[in-house]
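*Asks:* Note that our numbering has the sequence shown beginning at 1, numbered continuously upward. Cβ coordinates follow ideal geometry from the N, Cα and C atoms, glycine included. A quick note: this is a predicted structure, and the numbers were derived from the prediction, not measured.
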Amino acid sequence: MARETRTANKKPLFYIFLMFGFCCVVSGGVWLTSAMKAELFMDNYKSYGTVSKAKQTLQKNPNDTKALQTMYMDANKKVVRTVRTGSMEERRKANRVSLHYAKRLYFMEPGNPVYTDMYAGSLVINKQYDEAIPLFEKVAKSDTVLAPGARSILRKLRAGTRSTTQANEEHQGNR
Numbered sequence: 001m002a003r004e005t006r007t008a009n010k011k012p013l014f015y016i017f018l019m020f021g022f023c024c025v026v027s028g029g030v031w032l033t034s035a036m037k038a039e040l041f042m043d044n045y046k047s048y049g050t051v052s053k054a055k056q057t058l059q060k061n062p063n064d065t066k067a068l069q070t071m072y073m074d075a076n077k078k079v080v081r082t083v084r085t086g087s088m089e090e091r092r093k094a095n096r097v098s099l100h101y102a103k104r105l106y107f108m109e110p111g112n113p114v115y116t117d118m119y120a121g122s123l124v125i126n127k128q129y130d131e132a133i134p135l136f137e138k139v140a141k142s143d144t145v146l147a148p149g150a151r152s153i154l155r156k157l158r159a160g161t162r163s164t165t166q167a168n169e170e171h172q173g174n175r
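Dropping the structure here:
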């Protein structure tokens with residue numbers, strides 16, 4: 001019984017660790033941004049706990065933001081997993097799923113800087129740089145903790161897409 005409790009208590013920390021890794025790729029290594037997104041995920045984890053509950057909620061209410069965030073985080077977890085063990089096709093599929101949920105969240109609340117950052121980061125991961133630049137510019141102009149990370153990525157994007165892709169791949173390979 002005690003062992004189950006210990007394992008259950010470690011599970012959210014594991015998800016935070018995964019989120020830190022992915023958000024550094026998306027936000028250009030700004031740890032405060034990662035912490036904010038990890039905190040956002042913890043709220044969702046407490047609300048839904050599992051992907052299956054989020055899927056059930058989305059069937060009833062397709063615009064439930066907490067369920068969409070849970071699905072987005074699950075897709076990011078799969079991205080991290082496929083970087084280590086999966087084929088390129090599995091990785092591309094996980095990236096597309098992540099982009100799908102980020103896009104839905106962004107278009108539900110286009111003024112939300114967290115969703116804008118998530119969507120722009122997903123666009124970069126999917127090599128859609130031209131679409132990501134205006135979104136990162138929007139986040140960079142915002143008065144949020146996300147702005148420094150967005151500025152960092154904008155500098156890399158303007159320096160050339162190769163350096164951005166290379167930085168993302170190097171960071172993902174270090175995990």
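If you drop the 5 nearest sequence neighbours on each side, which residues of the same chain put their C-beta closer than 6 Å to that of A147?
*Replies:* For A147, where only same-chain residues beyond five positions count, the Cβ hits under 6 Å are A140.
*Asks:* Given a cut-off of 9 Å on the beta-carbon distance, is the pair A102 and A150 in contact?
*Replies:* no
*Asks:* What three-state label does DSSP hand L146 in the structure shown?
*Replies:* Looking at L146 - three-state DSSP - the assignment turns out to be coil, as it is neither helix nor strand.
*Asks:* Could you please give the first and the last residue of the uninterrupted alpha helix (DSSP H) stretch that includes Q56?
*Replies:* Residues V51 to K60.
*Asks:* Less than 8 Å between the CB atoms is what I'm expecting for L105 and L68, so what's the real figure, rounded?
*Replies:* 5 Å
*Asks:* Contact check, A54 vs T70 under 8 Å by CB: the rounded distance?
*Replies:* 4 Å
*Asks:* State the DSSP-derived secondary structure class of Q69, mapped to helix, strand or coil.
*Replies:* helix
*Asks:* So what's S87 in DSSP terms, helix, strand or just coil?
*Replies:* coil
*Asks:* Could you give the distance in angstroms between the alpha-carbon of K60 and the alpha-carbon of L123?
*Replies:* 28 Å
*Asks:* Using DSSP with H/G/I as helix, E/B as strand and the rest coil, what is E109?
*Replies:* Coil at E109, not helix or strand.
*Asks:* Using only the alpha-carbon positions, how far apart do K127 and P62 sit?
*Replies:* 27 Å
*Asks:* Does the beta carbon of Y101 come closer than 9 Å to any beta carbon on chain C?
*Replies:* The displayed structure is made up of one protein chain only, and chain C is not part of it.
*Asks:* Provide the residue span of the alpha helix (DSSP H) that contains D130, from first to last.
*Replies:* It spans Y129 to K141 - the alpha helix (DSSP H) in which D130 sits, taken as one unbroken run.
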